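A.B. asks:
There are 2 protein chains.
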Amino acid sequence: MPYDPSAFPPFAVTVDLVVLTVRRHALCALAVRRGEPPFQGRWALPGGFVRADEDLAQAAARELAEETGLRAHDPAAPAQDNGAHLEQLATYGDPKRDPRMRVVSVAHLALAPDLPAPRAGGDASNARWAPVDELLQQGGYGRDGEPVAPLAFDHAQILADGVERARSKIEYSSLATAFCPTEFTVGELRRVYEAVWGVALDPRNFHRKVTGTPGFLVPTGGTTTRQGGRPAQLFRAGGATLLNPPMLRPEV
Amino acid sequence: MPYDPSAFPPFAVTVDLVVLTVRRHALCALAVRRGEPPFQGRWALPGGFVRADEDLAQAAARELAEETGLRAHDPAAPAQDNGAHLEQLATYGDPKRDPRMRVVSVAHLALAPDLPAPRAGGDASNARWAPVDELLQQGGYGRDGEPVAPLAFDHAQILADGVERARSKIEYSSLATAFCPTEFTVGELRRVYEAVWGVALDPRNFHRKVTGTPGFLVPTGGTTTRQGGRPAQLFRAGGATLLNPPMLRPEV
DNA sequence: AGTGCTTATCGTCAGGCAGACGACTATGAT
DNA sequence: ATCATAGTCGTCTGCCTGACGATAAGCACT
Numbered sequence: 001m002p003y004d005p006s007a008f009p010p011f012a013v014t015v016d017l018v019v020l021t022v023r024r025h026a027l028c029a030l031a032v033r034r035g036e037p038p039f040q041g042r043w044a045l046p047g048g049f050v051r052a053d054e055d056l057a058q059a060a061a062r063e064l065a066e067e068t069g070l071r072a073h074d075p076a077a078p079a080q081d082n083g084a085h086l087e088q089l090a091t092y093g094d095p096k097r098d099p100r101m102r103v104v105s106v107a108h109l110a111l112a113p114d115l116p117a118p119r120a121g122g123d124a125s126n127a128r129w130a131p132v133d134e135l136l137q138q139g140g141y142g143r144d145g146e147p148v149a150p151l152a153f154d155h156a157q158i159l160a161d162g163v164e165r166a167r168s169k170i171e172y173s174s175l176a177t178a179f180c181p182t183e184f185t186v187g188e189l190r191r192v193y194e195a196v197w198g199v200a201l202d203p204r205n206f207h208r209k210v211t212g213t214p215g216f217l218v219p220t221g222g223t224t225t226r227q228g229g230r231p232a233q234l235f236r237a238g239g240a241t242l243l244n245p246p247m248l249r250p251e252v
Numbered sequence: 001m002p003y004d005p006s007a008f009p010p011f012a013v014t015v016d017l018v019v020l021t022v023r024r025h026a027l028c029a030l031a032v033r034r035g036e037p038p039f040q041g042r043w044a045l046p047g048g049f050v051r052a053d054e055d056l057a058q059a060a061a062r063e064l065a066e067e068t069g070l071r072a073h074d075p076a077a078p079a080q081d082n083g084a085h086l087e088q089l090a091t092y093g094d095p096k097r098d099p100r101m102r103v104v105s106v107a108h109l110a111l112a113p114d115l116p117a118p119r120a121g122g123d124a125s126n127a128r129w130a131p132v133d134e135l136l137q138q139g140g141y142g143r144d145g146e147p148v149a150p151l152a153f154d155h156a157q158i159l160a161d162g163v164e165r166a167r168s169k170i171e172y173s174s175l176a177t178a179f180c181p182t183e184f185t186v187g188e189l190r191r192v193y194e195a196v197w198g199v200a201l202d203p204r205n206f207h208r209k210v211t212g213t214p215g216f217l218v219p220t221g222g223t224t225t226r227q228g229g230r231p232a233q234l235f236r237a238g239g240a241t242l243l244n245p246p247m248l249r250p251e252v
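In structure tokens form, the structure reads like this:
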């Protein structure tokens, strides 16, 4: 059949971001409050339209920078540049997911170290880091006792998918270091795993495992006592991206 | 800012399919010959526009049925219904990936047992199963000595991503059974792993591993000699989807 | 200075699993 | 009958993990 521009329906394409970080021993996601209908006043994932001349990854990186100020870590870049990890997550295109029109959203997953307070267009009250447990619980009450409204659109599903991706990916990759500052201790890395998985890990076995995996951690020579207790060695992320054998998430 | 329908550029949204199967000990993908420009006469992945009222998964299932006659396996369905496995792979949206217009393609991955010859609109010469090695080699020569033109658009990248997804996913899931008929032997399943990974596996250790993993295989009671040699027990895929501990892909 | 608390780090031991590989079994082909 | 082919069961060894004891080195008290 010949090419016919009227043969396909027009879509709007957006990128939505699941930006995760670890704060106060809890896995948190960036949420923004919607200023207009639909879902006005509800919390949602940050995102926006893909521009006419933009690649999907570029659009996601632009949105990430606008919301958090983070540069995206170029996946091809070999060295640690302290940018956030950014990868495509999945695409959501239910015809009814946006009541206004047909929107296909390409969700991306970003992992970032603990950041200062977020800013969404300079208005702090419209953006916050919220524990993912709180964002995902349906019809419950938050820690402040206020009722929790579910996220706008299908963003609860997107967030759940992003969290699951992060939980599984730190098993077999060095991605957990994306939650840490440039230099970090073994204990800090362990607390990342504990927060993301929601479990307690044995400090001794964890130490043996991560220091024994070639290319995972590179000692910087320095030490720190910022966690209290005995001074701990500082490490930087090594070049390895795949962990073989993987970290094992405890059963049940 | 208020809602402005003119604030976003229109996109065309397509689904492209990476349909994999194992034929004659080789991992093969379904390719169709393009009948019109651009890339007229070149091989490409099957795919098409998403319709106005269709979900992405529905569109992918429809395209799969049109090209192969296969029903998609509902991911929520508990029992084996002999449908093909279908899952979303990734989304490709480079502004220049289609010279005609701005197209975002949501690629899907389908895994199917060995099928009779494909049919694309009834014309067999326009669709074929080709070994993925052949489709992915650049500027070489196929097994018949003819020069191999690379796949149309960015389909080589999409195919490579799909193959990599399949290779890694059969490690930690029971997905390799999707390449097998309803009833199959341990040796047939092993040949699937060998074809997808391109390695030789020890039959004895493989047998111990798959029969020892709870929920992976369910014996049907029957036996077959269709592979020659001693009769082999027939199995059906068990309910387990995640293998823990995983199958290990041999190093190097 | 000493005591106690905290975190980091090293070591030991037993159990489980994977790779290497020997041995035996049950068919069809010659 | 003999051979070739594939399937199935065992054994052994080394590695990794989970459980957990023991020691080290800071800080905050008194």
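Chains as they are written, first to last, in the working numbering: chain A, 1 to 252; chain B, 1 to 252.
Note that beta-carbon positions come from the ideal geometry of N, C-alpha and C, so glycine has one too.
Since the structure is predicted, the reported quantities are computational estimates derived from the model, not experimental observations.
1) Starting from the C-beta of A/Arg165, find all residues in its chain whose C-beta is less than 7 Å away, skip the five residues before and the five after it, and write them out in chain order.
2) I need the DSSP call for B/Gln137, collapsed to helix, strand or coil.
3) Report the residue from A/Trp197, A/Leu189, A/Pro214 whose alpha carbon sits nearest the alpha carbon of A/Phe206.
4) Using a beta-carbon distance below 9 Å, is B/Phe8 in contact with chain A?
5) Closest to A/Leu30 by C-alpha separation, out of A/Thr213, A/Ala200, A/His155, A/Glu171, would be which residue?
6) Look up B/Ser168 in the DSSP assignment and say whether it is helix, strand or coil.
7) Considering only C-alpha positions, which residue in the set A/Gly41, A/Ala26, A/Gly187, A/Ala232 is nearest to A/Asp202?
8) Less than 9 Å between the C-beta atoms of A/Thr241 and A/Ser168, yes or no?
9) Which residue's Cα is closest to the Cα of A/Arg236: A/Leu217, A/Glu67, A/Gly229?
10) Go ahead and pull the three-state DSSP assignment for B/Leu201.
11) Do the stretch 43-53 of chain B and the stretch 38-49 of chain A touch if we need at least three Cβ pairs shorter than 8 Å?
12) Please report the distance separating the alpha-carbon of B/Arg326 from that of B/Thr185.
13) Reducing DSSP to helix, strand and coil, say where B/Val192 ends up.
14) Using a Cβ cut-off of 7 Å, which residues of the stretch 155-181 of chain B contact any Cβ in chain A, in chain order?
15) Between B/Pro10 and B/Arg97, what straight-line distance do the alpha-carbon atoms span, to the nearest angstrom?
16) Are the Cβ atoms of B/His85 and B/Leu111 separated by less than 9 Å?
17) Note down, in chain order, all residues in the stretch 8-31 of chain B with a beta-carbon under 9 Å from any beta-carbon belonging to chain A.
18) Among the residues of its own chain, which have a CB less than 8 Å from the CB of B/Asn126, if the five just before and after it don't count?
19) Identify whether B/Ala12 lies in helix, strand or coil by the three-state DSSP scheme.
20) Contact check, A/Thr21 vs A/Phe179 under 8 Å by CB: the rounded distance?
21) Measure the Cβ-Cβ separation of A/Ala72 and A/Ala65 and say whether it is below 9 Å.
22) At a Cβ cut of 8 Å, what residues of the stretch 52-70 of chain A count as close to chain B, listed as they run along the chain?
23) For chain B, check one thing: does any of its Cβ atoms lie closer than 9 Å to the Cβ of A/Ala240?
24) What would DSSP say about B/Thr223, mapped onto helix, strand or coil?
25) Going along chain B, which residues have a C-beta under 7 Å from A/Ala127?
26) Whole angstroms are fine: how far does the CA of A/Ala176 sit from the CA of B/Pro99?
27) Considering only C-alpha positions, which residue in the set A/Leu243, A/Ala130, A/Ser105 is nearest to A/Ala59?
28) Pull up the distance between the alpha-carbon of B/Pro250 and that of A/Pro147, whole angstroms please.
29) From B/Leu27 to A/Ile158, what does the alpha carbon distance come to, in whole angstroms?
30) Measuring alpha carbon to alpha carbon, tell me which residue in A/Ala130, A/Thr225, A/Ala61, A/Glu171 is nearest A/Arg23.
31) Near A/Tyr3, what residues of its chain come up, given a Cβ to Cβ distance below 7 Å and the 5 sequence neighbours on each side ignored?
32) Which same chain residues, not among the five before or five after A/Gly222, have their C-beta less than 6 Å away from its C-beta?
33) Count the other CB atoms, across all protein chains shown, that sit within 10 Å of the CB of A/Met101; report buried if there are 16 or more and exposed otherwise.
34) Does B/Asp16 pass the burial test, meaning 16 or more other C-beta atoms within 10 Å, or should it be called exposed?
35) Have a look at A/Pro246 and A/Glu171 and give me their C-alpha separation to the nearest angstrom.
C.D. replies: With the given structure in hand:
1) Here residue 165 of chain A corresponds to residue number 165 of the first sequence, with the count starting at 1. Here the set comprises Leu89, Leu109.
2) Looking up residue 137 of chain B in the second sequence gives position 137. In the structure shown, the three-state DSSP call for B/Gln137 is coil.
3) By one-based count along the first sequence, residue 206 of chain A stands at place 206. The residue from A/Trp197, A/Leu189, A/Pro214 with its alpha-carbon nearest to that of A/Phe206 is A/Leu189.
4) The sequence position of residue 8 of chain B within the second sequence is 8, counting from 1. So, interface residue.
5) The residue you call residue 30 of chain A lines up with position 30 of the first sequence. When each option's Cα is compared against that of A/Leu30, the closest is A/His155.
6) Sequence index remark: in the second sequence, residue 168 of chain B carries index 168 (1-based). Of the three classes helix, strand and coil, the one that applies to B/Ser168 here is helix, per DSSP.
7) Your numbering for residue 202 of chain A matches position 202 in the first sequence. Measuring from the Cα of A/Asp202, the nearest candidate turns out to be A/Gly187.
8) Translated into positions along the first sequence, residue 241 of chain A becomes position 241. Translated into positions along the first sequence, residue 168 of chain A becomes position 168. No. Outside cutoff.
9) Numbered from its first residue, the first sequence carries residue 236 of chain A at position 236. The candidate whose alpha carbon is nearest that of A/Arg236 is A/Leu217.
10) Along the second sequence, read from residue 1 onward, the residue named residue 201 of chain B stands at position 201. Three-state DSSP puts B/Leu201 in coil, outside helix and strand.
11) Because the criterion of three Cβ pairs below 8 Å is not met, the stretch 43-53 of chain B and the stretch 38-49 of chain A do not touch.
12) For residue 326 of chain B there is no data in the structure shown, the boundaries of chain B being 1 and 252.
13) Numbered from 1 along the second sequence, position 192 holds the residue referred to as residue 192 of chain B. In the three-state scheme derived from DSSP, where H, G and I count as helix and E and B as strand, B/Val192 is classed as helix.
14) Those would be none; no residue qualifies.
15) In the second sequence, residue 10 of chain B corresponds to position 10, counting from 1. In the second sequence, residue 97 of chain B corresponds to position 97, counting from 1. When the Cα atoms are used, B/Pro10 and B/Arg97 turn out to be separated by approximately 16 Å.
16) Start at 1 with the first residue of the second sequence, and residue 85 of chain B comes out as number 85. Start at 1 with the first residue of the second sequence, and residue 111 of chain B comes out as number 111. It is a contact, given that the beta carbons lie within the stated cut-off.
17) Sequence-ordered contacts of the stretch 8-31 of chain B with chain A read Phe8, Pro9, Pro10, Phe11, Ala12, Val13, Thr14 [C-beta pairs closer than 9 Å].
18) For this step, residue 126 of chain B is matched to residue 126 along the second sequence. Around B/Asn126: Val32, Arg33, Gly35, Ala120.
19) Numbered from 1 along the second sequence, position 12 holds the residue referred to as residue 12 of chain B. Reduced to three states, the DSSP call for B/Ala12 is strand.
20) The count along the first sequence starts at 1 and reaches residue 21 of chain A at position 21. The count along the first sequence starts at 1 and reaches residue 179 of chain A at position 179. Between A/Phe179 and A/Thr21 the Cβ distance is about 6 Å, and since that is below 8 Å, they are a contact.
21) Along the first sequence, one-based indexing puts residue 72 of chain A at 72. Along the first sequence, one-based indexing puts residue 65 of chain A at 65. A contact, by the Cβ cut-off of 9 Å.
22) Only those residues of the stretch 52-70 of chain A whose C-beta falls short of 8 Å from the nearest C-beta of chain B are listed: Ala52, Asp53, Glu54, Asp55, Leu56.
23) In the first sequence, the residue the question calls residue 240 of chain A occupies position 240. A/Ala240 is outside the set of residues whose beta carbon lies under 9 Å from a beta carbon in chain B.
24) Numbered from 1 along the second sequence, position 223 holds the residue referred to as residue 223 of chain B. In the structure shown, B/Thr223 sits in a strand (DSSP, three-state: E or B).
25) For the purposes of this step, residue 127 of chain A is taken as residue 127 along the first sequence, with counting starting at 1. Residues of chain B with a Cβ closer than 7 Å to the Cβ of A/Ala127 do not exist, since the nearest Cβ in that chain sits about 16 Å away.
26) Residue numbering aside, residue 99 of chain B sits at position 99 when the second sequence is read from its first letter. Residue numbering aside, residue 176 of chain A sits at position 176 when the first sequence is read from its first letter. Answer to the nearest angstrom: the Cα atoms are 39 Å apart.
27) Along the first sequence, read from residue 1 onward, the residue named residue 59 of chain A stands at position 59. Nearest to A/Ala59 by C-alpha distance, out of A/Leu243, A/Ala130, A/Ser105, is A/Ser105.
28) Walking along the second sequence from the start, residue 250 of chain B turns up at place 250. Walking along the first sequence from the start, residue 147 of chain A turns up at place 147. C-alpha separation (whole angstroms): 52 Å.
29) On the second sequence, residue 27 of chain B is found 27 positions in, with the first residue counted as 1. On the first sequence, residue 158 of chain A is found 158 positions in, with the first residue counted as 1. The straight-line gap from Cα to Cα measures roughly 32 Å.
30) Taking the first residue of the first sequence as 1, we reach residue 23 of chain A at position 23. If you compare the alpha carbons of A/Ala130, A/Thr225, A/Ala61, A/Glu171 with that of A/Arg23, the shortest gap goes to A/Ala130.
31) As a working mapping, residue 3 of chain A is identified with position 3 in the first sequence. Because A/Tyr3 carries a pLDDT of 46, less than 50, the predicted location of this residue cannot be relied on, and the following value inherits that uncertainty. Excluding positions up to five away in sequence, the list is empty.
32) Here residue 222 of chain A refers to the residue found at position 222 when the first sequence is read from its first residue. Leu234, listed in sequence order.
33) In the first sequence, the residue the question calls residue 101 of chain A occupies position 101. With fewer than 16 other Cβ atoms from the protein chains shown falling within 10 Å of its own Cβ, A/Met101 counts as exposed.
34) Start at 1 with the first residue of the second sequence, and residue 16 of chain B comes out as number 16. It is buried - the Cβ of B/Asp16 has at least 16 other Cβ atoms within 10 Å.
35) Counted from its first residue, the first sequence places residue 246 of chain A at position 246. Counted from its first residue, the first sequence places residue 171 of chain A at position 171. Straight through space, the alpha carbons of A/Glu171 and A/Pro246 are spaced by roughly 6 Å.
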